[in-house]
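**Student:** Residue numbers (UniProt numbering), protein chains in the order written: chain L, 1 to 444; chain U, 1 to 230. Just dropping this structure here.
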């Protein structure tokens with residue numbers, strides 16, 4: 001009996017994990033595809049269903065649901081979240097296991113759970129939320145977030161709320177049922193917006209069960225492009241001001257900044273766990289990514305990064321945990337990278353600037369991109385062969401140039417850094433060739 | 001519908017009675033005409049097999065709606081828009097069966113959805129244990145706006161129907177017992193290399209015969225749009 005019960009518990013745990021994983025993955029907006037595989041000892045899939053697991057979801061689930069079967073119910077809730085801070089609960093999937101020993105002699109529980117899991121995967125794509133929002137997620141409009149908790153106090157789904165019992169399976173140890181509640185009228189209602197104002201949130205410390213994970217499931221290529229292009233400006237803003245006002249800043253930064261606020265707002269237990277994450281950030285490998293998950297809106301980018309580049313990933317995770325800044329951590333790596341090149345570019349430009357500053361007065365007083373480019377070549381590297389006596393003139397020119405520095409700088413900032421860098425690289429190559437040439441002469 | 005019902009298994013029998021099962025993968029498919037994504041079993045062979053039937057069904061429906069001389073059934077639902085003209089109620093069904101040597105012996109337990117039929121019916125090869133019927137009401141509309149409305153509604157309805165189906169099959173319904181090794185072909189379809197659904201048959205009836213009208217249980221409906229104008 002004990003053994004059987006242990007098995008039953010295991011079934012439920014594995015089912016819950018797969019259910020949560022496949023539901024969330026269905027809402028990422030990414031195309032899901034997995035292969036059929038014949039039986040083999042190495043690739044045993046639970047419930048005969050291939051479900052890939054995303055580490056961050058597993059870690060989050062692990063930290064929120066400790067008991068299987070769950071003490072009351074396991075609720076997975078999906079919410080629509082807009083950059084302006086509005087939040088609309090859309091769906092709740094509630095898995096409950098009633099206690100009790102029915103005289104149920106069915107031994108097909110495993111296969112029934114397998115069918116139920118498939119039903120979950122199918123129905124995940126049939127709800128209004130999936131059809132209306134999942135593929136259209138975008139930083140500027142809305143993202144979908146989720147949370148998992150261990151009770152059935154789910155949000156209000158408005159007037160047109162629908163409820164379905166997706167499955168009810170009986171077993172020796174009780175009934176397992178899966179209910180789906182979903183919204184059909186997609187209008188924001190006043191009460192739902194209210195709790196989101198950041199100020200009062202800090203006080204809601206009572207609700208220990210609830211932990212919120214913000215989960216922006218941004219996956220579209222175009223959106224990616226946005227998140228990769230904008231960070232420079234964003235990062236600068238953040239560095240400058242510390243916090244970004246969601247109302248005034250661009251949509252992307254707003255949602256990144258606002259999402260963590262939402263986390264704090266919905267339940268303060270997430271605050272607590274954040275603290276604990278901080279304390280444990282060095283000894284628990286799960287915690288950093290979990291903390292990341294809560295601190296920024298794009299956890300999967302982070303996951304991907306650590307998957308493809310384990311060393312970097314872990315390092316960055318740790319650092320973001322320590323920082324615990326609202327800055328989107330997944331974004332940090334890209335920002336860093338871009339920022340680095342940005343900085344490098346800057347340094348190069350400064351060198352050019354000097355040249356430019358002294359050259360320009362000679363030829364024309366106008367700073368145009370063309371002239372800038374034009375003058376670099378002879379002065380910087382191309383002009384190098386004719387050094388010698390001209391060095392004195394060069395120094396003089398340097399001294400003559402001070403008043404040009406300011407406008408020059410401004411223009412440089414507006415330049416297309418990428419093309420400029422390419423030019424510099426080309427010129428460096430020229431210069432290297434020249435050096436080689438000179439060296440060959442001196443060798444002779 | 002098919003997607004949902006197919007219990008796909010690849011068997012590895014250790015001996016005659018004990019077995020292990022492989023696993024199935026899924027693939028998301030985006031619909032072209034309506035705003036909907038569904039999942040199917042990631043088996044090209046199965047998909048092609050089903051597609052073949054669906055393609056034929058579609059061309060039959062197209063033909064029937066274009067010919068104009070078809071026996072028209074009253075639509076099962078009201079007109080979706082003010083000016084939509086009902087053309088046809090087409091039916092397509094999915095039947096699961098076992099190849100049984102003893103017909104009608106076990107089918108007392110067979111389940112038919114919505115209690116339409118009280119027992120399994122005998123199919124060519126054996127005994128049917130589950131049947132699904134989808135009724136498509138075909139309407140003609142004249143404007144893009146209306147077509148857009150219909151598209152939206154068809155997507156909504158299909159979503160609800162699929163949820164209905166999921167609900168129904170997870171309430172301890174009958175499924176055939178797991179066969180022994182030699183009996184596999186009596187229960188499962190073995191012609192696909194990457195999956196083994198229960199034996200199934202797709203039954204099409206683009207132009208329903210009038211006398212059958214009463215015996216068909218309405219399982220689901222949907223509307224087929226027909227662009228003739230605009």
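Note that the Cβ used here is the ideal one computed from N, Cα and C, for glycine as well.
Quick check: the stretch 162-174 of chain L against the stretch 46-56 of chain L, are there 3 or more CB pairs under 8 Å?
**Tutor:** No: fewer than three Cβ pairs fall under 8 Å.
**Student:** Does any residue of chain U have a CB that is nearer than 8 Å to the CB of residue 19 of chain L?
**Tutor:** Working through the first chain from its first residue, we reach residue 19 of chain L at position 19. It does not: the Cβ of residue 19 of chain L has no partner Cβ on chain U nearer than 8 Å.
**Student:** With a Cβ-Cβ cutoff of 8 Å, do residue 28 of chain U and residue 31 of chain L count as a contact?
**Tutor:** For the purposes of this step, residue 28 of chain U is identified with residue 28 of the second chain, where counting begins at 1. For the purposes of this step, residue 31 of chain L is identified with residue 31 of the first chain, where counting begins at 1. Yes, they are a contact pair.
**Student:** Quick one: is residue 32 of chain L near chain U, going by C-beta distance under 8 Å?
**Tutor:** Within the first chain, the letter at position 32 stands for residue 32 of chain L. Chain U contact via Cβ: present.
**Student:** What residues in the stretch 113-131 of chain L bring their beta carbon closer than 9 Å to a beta carbon of chain U?
**Tutor:** Taking 9 Å as the Cβ-Cβ cut-off against chain U, the residues of the stretch 113-131 of chain L that qualify are 114, 115, 116, 118, 119, 120, 121, 122, 123, 124, 125, 126, 127, 128, 130, 131.
**Student:** Output the distance between the C-alpha atoms of residue 194 of chain U and residue 429 of chain L, rounded to the nearest integer angstrom.
**Tutor:** In the second chain, the residue the question calls residue 194 of chain U occupies position 194. In the first chain, the residue the question calls residue 429 of chain L occupies position 429. For residue 194 of chain U and residue 429 of chain L, the distance between alpha carbons rounds to 56 Å.
**Student:** Is the Cβ-Cβ distance between residue 181 of chain L and residue 161 of chain L less than 8 Å?
**Tutor:** For the purposes of this step, residue 181 of chain L is taken as the residue at position 181 of the first chain. For the purposes of this step, residue 161 of chain L is taken as the residue at position 161 of the first chain. Against a cut-off of 8 Å, the Cβ pair of residue 161 of chain L and residue 181 of chain L comes out as a contact.
**Student:** Excluding five sequence neighbours on each side, which residues of the same chain lie with their C-beta closer than 6 Å to the C-beta of residue 30 of chain U?
**Tutor:** Along the second chain, one-based indexing puts residue 30 of chain U at 30. The answer, listed in chain order, is 37.
**Student:** Using beta carbons (cut-off 8 Å, strictly below), is residue 217 of chain L in contact with chain U?
**Tutor:** On the first chain, residue 217 of chain L is found 217 positions in, with the first residue counted as 1. Because the pLDDT of residue 217 of chain L is 38, which lies under 50, any placement of that residue in the model is unreliable, and the number read from its coordinates should be weighed accordingly. For residue 217 of chain L, the answer is no, since every Cβ of chain U falls outside 8 Å of its Cβ.
**Student:** Please list the segments of the beta strand (DSSP E) lying wholly inside the stretch 32-109 of chain L, counting only runs of 3 or more residues, in order along the chain.
**Tutor:** The stretch 32-109 of chain L contains these whole beta strand (DSSP E) runs: 73-81, 87-97.
**Student:** Would you give the residue range spanned by the alpha helix (DSSP H) that residue 44 of chain U belongs to?
**Tutor:** The sequence position of residue 44 of chain U within the second chain is 44, counting from 1. Residue 44 of chain U -> alpha helix (DSSP H) spans 44-67.
**Student:** What does residue 38 of chain U reach in chain L if we use C-beta pairs closer than 8 Å?
**Tutor:** If you number the second chain from 1, residue 38 of chain U lands on position 38. Those within 8 Å of residue 38 of chain U in chain L are 122, 125, 126.
**Student:** Which residues share a DSSP beta bridge with residue 28 of chain U?
**Tutor:** Start at 1 with the first residue of the second chain, and residue 28 of chain U comes out as number 28. Looking at the DSSP assignment, residue 28 of chain U forms a beta bridge with U/39.
**Student:** Can you tell me which of the three DSSP states residue 14 of chain L falls into?
**Tutor:** Residue mapping note: residue 14 of chain L aligns to position 14 of the first chain, counting from 1. Helix.
**Student:** Comparing the C-beta of residue 38 of chain L with each C-beta of chain U, is any distance below 8 Å?
**Tutor:** For this step, residue 38 of chain L is matched to residue 38 along the first chain. It does; some Cβ of chain U falls within 8 Å.
**Student:** Taking the C-alpha atoms as reference points, what is the distance between residue 177 of chain U and residue 24 of chain U?
**Tutor:** The residue you call residue 177 of chain U lines up with position 177 of the second chain. The residue you call residue 24 of chain U lines up with position 24 of the second chain. Between residue 177 of chain U and residue 24 of chain U, the C-alpha separation is close to 20 Å.
**Student:** Can you name, in chain order, every residue of its own chain whose Cβ lies under 8 Å from the Cβ of residue 205 of chain U, other than the five neighbours on each side?
**Tutor:** In the second chain, counting from the first residue as 1, residue 205 of chain U sits at position 205. 90, 91, 92, 93, 212.
**Student:** Between the C-alpha atoms of residue 156 of chain L and residue 113 of chain L, what's the straight-line distance to the nearest angstrom?
**Tutor:** As a working note, residue 156 of chain L is residue 156 in the first chain. As a working note, residue 113 of chain L is residue 113 in the first chain. Going from the Cα of residue 156 of chain L to the Cα of residue 113 of chain L covers about 28 Å.
**Student:** By DSSP's criteria, residue 99 of chain U is part of a beta bridge. Which residues make up the other side?
**Tutor:** Stepping through the second chain from its first residue, residue 99 of chain U is reached at position 99. Residue 99 of chain U is not bridged to any residue.
**Student:** Among U/203, U/192, U/198, U/171, whose alpha-carbon lies nearest the alpha-carbon of residue 42 of chain U?
**Tutor:** The sequence position of residue 42 of chain U within the second chain is 42, counting from 1. Ranking U/203, U/192, U/198, U/171 by Cα distance to residue 42 of chain U puts U/192 first.
**Student:** Are the C-beta atoms of residue 149 of chain U and some chain L residue less than 8 Å apart?
**Tutor:** Translated into positions along the second chain, residue 149 of chain U becomes position 149. By this cut-off, residue 149 of chain U is not an interface position.
**Student:** Our contact map puts residue 188 of chain U next to residue 198 of chain U with C-beta atoms below 8 Å; I'd like the distance itself, whole angstroms only.
**Tutor:** Within the second chain, residue 188 of chain U is the residue found at index 188, counting from 1. Within the second chain, residue 198 of chain U is the residue found at index 198, counting from 1. At roughly 6 Å, the Cβ-Cβ gap stays under 8 Å, so residue 188 of chain U and residue 198 of chain U are in contact.
**Student:** When the cut-off is 8 Å and only beta carbons count, does residue 195 of chain U lie next to chain L?
**Tutor:** Reading the second chain from its first residue, position 195 is the one you call residue 195 of chain U. Answer yes: the Cβ-Cβ gap between residue 195 of chain U and chain L drops below 8 Å somewhere.
**Student:** For the alpha helix (DSSP H) that contains residue 205 of chain U, what are its first and last residues?
**Tutor:** The sequence position of residue 205 of chain U within the second chain is 205, counting from 1. Looking at the DSSP string, residue 205 of chain U is not in any alpha helix (DSSP H); the run it does join, the beta strand (DSSP E), is 200-205.
**Student:** Listed in chain order, which residues of the stretch 176-193 of chain U have Cβ atoms closer than 7 Å to some Cβ of chain B?
**Tutor:** Among the protein chains in the structure shown, which are L and U, there is no chain B.
**Student:** Look up residue 174 of chain L in the DSSP assignment and give the residues it is bridged to.
**Tutor:** Residue 174 of chain L sits at position 174 when you count from the first residue of the first chain. Answer is L/171, bridged to residue 174 of chain L.
**Student:** Run through the stretch 147-199 of chain U for me and flag every whole beta strand (DSSP E) of 3 or more residues, listed as ranges in chain order.
**Tutor:** With a minimum length of 3 residues, no continuous beta strand (DSSP E) run stays inside the stretch 147-199 of chain U.
**Student:** List the residues of chain L whose Cβ lies closer than 7 Å to the Cβ of residue 155 of chain U, in chain order.
**Tutor:** Within the second chain, numbered from 1, the residue matching residue 155 of chain U stands at position 155. Under the 7 Å cutoff, chain L gives 131.
**Student:** In angstroms with no decimal places, state the Cα-to-Cα distance between residue 64 of chain U and residue 55 of chain U.
**Tutor:** Position 64 of the second chain holds residue 64 of chain U. Position 55 of the second chain holds residue 55 of chain U. Spanning the two alpha carbons is a distance of roughly 14 Å.
**Student:** Which residues in chain U have a C-beta closer than 7 Å to the C-beta of residue 145 of chain L? List them in chain order.
**Tutor:** Here residue 145 of chain L corresponds to residue number 145 of the first chain, with the count starting at 1. The premise fails here: residue 145 of chain L is roughly 20 Å from chain U at the closest Cβ pair, so nothing lies under 7 Å.
**Student:** Would DSSP call residue 398 of chain L helix, strand or coil?
**Tutor:** Here residue 398 of chain L corresponds to residue number 398 of the first chain, with the count starting at 1. Here residue 398 of chain L sits in helix by DSSP.
**Student:** Nearest-angstrom Cα distance between residue 117 of chain L and residue 26 of chain L?
**Tutor:** Counting from one through the first chain, the residue named residue 117 of chain L turns up at place 117. Counting from one through the first chain, the residue named residue 26 of chain L turns up at place 26. The alpha-carbon atoms of residue 117 of chain L and residue 26 of chain L are separated by roughly 13 Å.
**Student:** For residue 60 of chain U, collect the residues of the same chain with a Cβ closer than 8 Å to its Cβ; drop the 5 residues on either side in sequence, then sort them by chain order.
**Tutor:** Translated into the one-based positions of the second chain, residue 60 of chain U becomes position 60. The residues are 90, 204, 206, 207.
**Student:** I'd like to confirm the pairing. Which residues does DSSP put opposite residue 164 of chain L in its beta bridges?
**Tutor:** Position 164 of the first chain, counted from the first residue, corresponds to residue 164 of chain L. L/180.
**Student:** Give me the residue from L/186, L/442, L/394 with the minimum Cα distance to residue 88 of chain L.
**Tutor:** On the first chain, residue 88 of chain L is found 88 positions in, with the first residue counted as 1. It is L/186 whose Cα lies nearest to the Cα of residue 88 of chain L.
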